[in-house]
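Quick notes on the structure that follows.
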Amino acid sequence: MRRTINFQTISWFWDLYQRGLLDLDPSYQRRSVWNQDYKDYFIDTVLHEYPAPAIFIYQEITPEGVSKVSIVDGKQRLSTLFEFVNNEFPVSEKISIQRFRGKYFQDLETKDKQEFWKYQFAIEYLPSSDEDVIGNIFNRINRNVLKLTFQELRHARLSGDFITLAEELSNWMFNYLEEKSQNFPNVHSTPRKQMKDVEIVAELLLFLEEGVKSYSSDYLDRAFTERDSEWEKKDKIEDEFRKTIKSIGKILDLSLSKNINLAQTRLKNQADFYSLFGAIAELNRENILEIDKEVCSKISDFLKIVEDKELHSKSKHELNDFQQKALDYYKAAKSSFRDAGPRKTRIKIIKSLLKGDIHL
Numbered sequence: 256m257r258r259t260i261n262f263q264t265i266s267w268f269w270d271l272y273q274r275g276l277l278d279l280d281p282s283y284q285r286r287s288v289w290n291q292d293y294k295d296y297f298i299d300t301v302l303h304e305y306p307a308p309a310i311f312i313y314q315e316i317t318p319e320g321v322s323k324v325s326i327v328d329g330k331q332r333l334s335t336l337f338e339f340v341n342n343e344f345p346v347s348e349k350i351s352i353q354r355f356r357g358k359y360f361q362d363l364e365t366k367d368k369q370e371f372w373k374y375q376f377a378i379e380y381l382p383s384s385d386e387d388v389i390g391n392i393f394n395r396i397n398r399n400v401l402k403l404t405f406q407e408l409r410h411a412r413l414s415g416d417f418i419t420l421a422e423e424l425s426n427w428m429f430n431y432l433e434e435k436s437q438n439f440p441n442v443h444s445t446p447r448k449q450m451k452d453v454e455i456v457a458e459l460l461l462f463l464e465e466g467v468k469s470y471s472s473d474y475l476d477r478a479f480t481e482r483d484s485e486w487e488k489k490d491k492i493e494d495e496f497r498k499t500i501k502s503i504g505k506i507l508d509l510s511l512s513k514n515i516n517l518a519q520t521r522l523k524n525q526a527d528f529y530s531l532f533g534a535i536a537e538l539n540r541e542n543i544l545e546i547d548k549e550v551c552s553k554i555s556d557f558l559k560i561v562e563d564k565e566l567h568s569k570s571k572h573e574l575n576d577f578q579q580k581a582l583d584y585y586k587a588a589k590s591s592f593r594d595a596g597p598r599k600t601r602i603k604i605i606k607s608l609l610k611g612d613i614h615l
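Mapping to the working numbering: the sequence shown position 230 is 485, numbers consecutive.
In C-alpha cells:
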C-alpha cells in the first residue's frame, strides 16, 4: 500500500474545520475523551513547540473537486486545539512559560497566535476509501503503539507534592525492604519499569489519609491531580508511612532471627502486603503495636493455615476460630483483592492476629 507523508499546520486543519470539510468522527474513531489535565498538557506541548505524534487522515476528493478530510488518528489532539481556539479553557497555570499562564487564546499576543497557527504535525495520508481497510489501519495504529500505563501518564503530566512524594517513597521503601529480602513486596521488573511500584505506594499513602477504598484508574487520576499543587497532609502522611514500613522491616528482621523468612511467604503478594501495612498502621495509631518474636510465629502459623488447601473445602462447623479466620482471610484475598470490602476484612483479621485476639 502506497503511503504519502507531509506536514500540515494547525491553521490548515482549522480552515477545513470552519468550512465543514473535516470529519472528526468517522465510524472507526474511538469515543474516548481527554480530561482537562490531558488537554492542558497537550496545549503546553504546542505552546512550547515540542513535537507531537503524527496525525493519520483519509482525504476524499469529490467529483466537484472538493477535498474532504477524515481523521483516522488524532481526534483528541485536534478537538483540544479547536476548543482552545474557541476560548473554552485557558492555558494551565502550571506552564513554565509565564506569559501564557491563565490566558485564553483570545488573550495571546498576535505573534504568539501566529506561532500557534504555524505549529506543524506530520501527516500520514491513507490511500483507501474502504471503511473496512481504514478501520483495520486504525486498529493497527493503536495496537502497535506502545501503550503507557496510567501511572506513566501521571508521571508525564504531574510534578507536584503527591506524585513527587509517591516516587520518592517508592524508591526508599523498596531499597529499605530490599536489605531484608529481595523483591518484597513482589513487583516484577516490567511492571516496575512501568511505575507500578509508585502506584502501589500511592495507594498506601491514600489509605493513610482516607482509609480503605477501592481505587479505579479514574479515582487515582483525581487523587493525584487534587494533591498536585498543594497537599496539606503531606508531612504527616510521610512520617506515618515511614514508621509503618520500618515496623514491617523490624518484623522481617525478627523473623529471620527465628529462621522464619516471612518475606518469602504470601506476604510478598501485593494484596497481603497491603493488609499487613494497613493493620500495622492502624495499631501504630492506637499505640498498641507490640513487635516481638512471638508476632513472627503468629503470622507464620496463620499464613500456613491460610494456605492449607484442605481447609478451603471444609464447612464452618468443622473449623475452630483460628481456622475460620484463616479461611475468611483466604476468601477475601481470593476475591477482588483491590475492592474495599475484601481489603477491610483482611486488615481486620491481620490486626486481630497481631493484637493476640485470635489464637492457634
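By construction, the Cβ of each residue, glycine as well, lies at the ideal position given by its N, Cα and C atoms.
Supposed close pair residue i, residue j - CB separation, criterion 8 Å
i    : j    : result
I605 : L544 : In fact, because the Cβ distance is near 12 Å, the residues do not count as touching under 8 Å.
I418 : D473 : So it is not a contact: roughly 16 Å between Cβ atoms.
H614 : F557 : Not a contact, Cβ separation roughly 10 Å.
I350 : L302 : 7 Å
V340 : W269 : 7 Å
E464 : Y374 : With 8 Å as the limit, E464 and Y374 do not qualify as a contact, their Cβ atoms being about 40 Å apart.
G357 : E370 : That belief does not hold up - the Cβ atoms of G357 and E370 are roughly 19 Å apart, past 8 Å.
L432 : K489 : Actually they do not touch by this definition, with Cβ atoms about 22 Å apart.
E422 : V453 : 5 Å
I492 : A534 : With a Cβ gap of about 18 Å, I492 and A534 do not count as contacting.
Run of the alpha helix (DSSP H) containing residue i, from where it starts to where it stops
i    : result
D473 : 472–481
F337 : 330–340
Q263 : From DSSP, Q263 is part of no alpha helix (DSSP H) but of the beta strand (DSSP E) over 259–264.
V346 : Run containing V346: none; DSSP gives neither H nor E here.
D583 : 576–589
L566 : 564–567
F297 : 291–302
F355 : Unbroken run through F355: none, as it is neither H nor E.
E370 : 365–372
Per DSSP, cross-strand counterpart(s) of residue i
i    : result
D325 : Note on residue identity: the sequence assigns Ser, not Asp, to residue 325. Note: S325 sits in a beta bridge opposite D278, Y313.
T600 : Beta-bridge pairing links T600 to no other residue.
First and last residue of the uninterrupted beta strand (DSSP E) at residue i
i    : result
E379 : 375–381
Proximity test, Cβ basis, 7 Å: residue i and chain B
i    : result
H614 : Of the chains in the structure shown, none is chain B; there is only one protein chain.
To test your reading of the DSSP string, which unbroken beta strand (DSSP E) runs of 3 or more residues are found completely within the region 410–497?
none
Residue ranges of each alpha helix (DSSP H) within the region 531–559, 4 or longer
none
For the region 334–354 against the region 293–302, are there 3 or more C-beta pairs whose distance is under 8 Å?
yes
Contact between the region 478–497 and the region 506–526 is defined here as three or more beta-carbon pairs at a separation below 8 Å; is this criterion met?
no
On the three-pair Cβ rule with 8 Å, is the region 305–319 touching the region 370–381?
yes
Indicate whether the contact test is met: 3 or more Cβ pairs, each with one atom in the region 426–441 and one in the region 524–541, closer than 8 Å.
yes
Are the region 569–576 and the region 489–497 touching by the rule of at least three beta carbon pairs closer than 8 Å?
no
Check whether the region 505–512 and the region 447–456 touch, using three or more Cβ-Cβ pairs below 8 Å as the test.
no
So does the region 579–598 actually touch the region 535–542, counting three or more Cβ pairs closer than 8 Å?
no
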